[in-house]
Amino acid sequence: MPRHDHPRAFHHHPYPQRGKIPAHPSDRPFPAFEVIIVDGHSADRTVAKANLFAHRLPLFKIVDSPIRDVCRQRNLGAEEAQAETLLFLDADNRIAPHFLLGLKYRQEQSRTDFFTTWVKAEENNLASQAADTLINLYMESQKNTPSPFGVEAAFGATRTKFLKLKGFDRSPYEGARLLKKAVAKKMTFAVFKDPTYSYSLRRVRKLGTFNAISRYAVTEIYRLLDLALPKKKAASLYPMNGGNFYETEAMRQSFFADLRTKIKFQEQKDRLTALARSFLFAEEDSNTKH
1 MPRHDHPRAF HHHPYPQRGK IPAHPSDRPF PAFEVIIVDG HSADRTVAKA
51 NLFAHRLPLF KIVDSPIRDV CRQRNLGAEE AQAETLLFLD ADNRIAPHFL
101 LGLKYRQEQS RTDFFTTWVK AEENNLASQA ADTLINLYME SQKNTPSPFG
151 VEAAFGATRT KFLKLKGFDR SPYEGARLLK KAVAKKMTFA VFKDPTYSYS
201 LRRVRKLGTF NAISRYAVTE IYRLLDLALP KKKAASLYPM NGGNFYETEA
251 MRQSFFADLR TKIKFQEQKD RLTALARSFL FAEEDSNTKH
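Here the UniProt record's numbering is used: the first residue of the sequence shown is 1, the next is one more, and so on.
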């Protein structure tokens, strides 16, 4: 089959396809797709876990990246790819066994240059379902504007057009910036309602819903107004440290929890000291009067 008939899963720093993988490549609907992992040498076990699937994936490759940066790693993976259709997936996505086949069908029918899909709640609760509904509706409302929005957790592109635009730049909304350039160049973008994938909301859970929404709102306002977000502000609003963010955030929260405990303990200690001193001085005053 021609090369462009084979969609490929390119993961910038992920586990390979998390859905059920058939025991033999010939069991798949289209066996010839690439899986590329760009290793930025983070402290997690991505590469070790990915290697467990290597014998099932004939076009599996690990590429070394001298710089740990999600945008540069994705660009490097795109340069290494042989297929014409690229799909960037986050490590903690969950996809169904026939996700790639469904996406292949949608992309071939639409002939679009860039694409993403609707997200689906990873947990069966009201908060998660509300979050993915908001994400999906927002993508739909923005898709035909001069500055469309797409979630980068599952972001597809034709390799030729992606490289022509020089790929992602380092920003909190690298996908949206790329799409804006694409639309300006008369390239096309589509949001597919299916197949869906489960998008991790762990950043929202880690930061807290209100805190996370506030951060996203600020970055989105900057994007919609076409304003440059200062680097320090961008780093504080949306740290791009991969899995290390959660370890750092956990350490930060632990530090402040310990600090609050110490402050509380110190307050109790101060009260006890004041109480003891009041008794002591009261006793001295009583002895002086006698």
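A virtual CB, placed ideally from N, CA and C, is assigned to each residue, including glycine.
Is residue i near residue j, with beta carbons less than 9 Å apart?
i: residue 366; j: D113; result: The requested residue 366 is not part of the displayed model; the chain covers only 1 to 290.
i: V151; j: T116; result: yes
i: G102; j: I37; result: no
i: F88; j: L59; result: no
i: H41; j: D69; result: no
i: L165; j: K143; result: no
i: V191; j: E140; result: yes
i: D90; j: S200; result: yes
i: V119; j: A157; result: no
i: L163; j: E79; result: yes
Give the straight-line distance between the Cα atoms of residue i and residue j, rounded to the nearest whole angstrom.
i: E220; j: F168; result: 17 Å
i: P22; j: R56; result: With a pLDDT of 39 at P22, under the threshold of 50, the modelled position of that residue is not reliable, and no figure is offered here.
i: N93; j: S198; result: 6 Å
i: R106; j: L86; result: 14 Å
i: P97; j: T196; result: 11 Å
i: Y173; j: L224; result: 11 Å
i: S171; j: Y222; result: 12 Å
i: A184; j: S110; result: 19 Å
i: A50; j: I95; result: 16 Å
i: L228; j: L52; result: First, the amino acid is wrong: residue 228 is Ala here, not Leu. C-alpha separation (whole angstroms): 42 Å.
i: R215; j: A127; result: 18 Å
i: P66; j: D39; result: 9 Å
i: N125; j: N136; result: 17 Å
i: K104; j: E84; result: 12 Å
Closest to residue i by C-alpha separation, out of the options, would be which residue?
i: V47; options: R159, K61 and R56; result: K61
i: P148; options: S198, V63, D226 and D132; result: D226
i: L178; options: D132, P146, S200 and S198; result: P146
i: A54; options: V35, A43 and D39; result: V35
i: R159; options: R74, A50 and P66; result: R74
i: A217; options: Y138, L163, K185 and F155; result: Y138
i: A176; options: P66, C71, L100 and I67; result: C71
For residue i, which of helix, strand or coil comes out of DSSP?
i: L225; result: coil
i: T112; result: coil
i: F33; result: coil
- Item | Residue ranges of each alpha helix (DSSP H) within the segment 139-224, 4 or longer | 159-164, 174-184, 202-207 and 209-224
Every unbroken beta strand (DSSP E) inside the UniProt domain "Glycosyltransferase 2-like" (29-131) [3 residues or more]: 35-39, 60-64, 85-89 and 114-120
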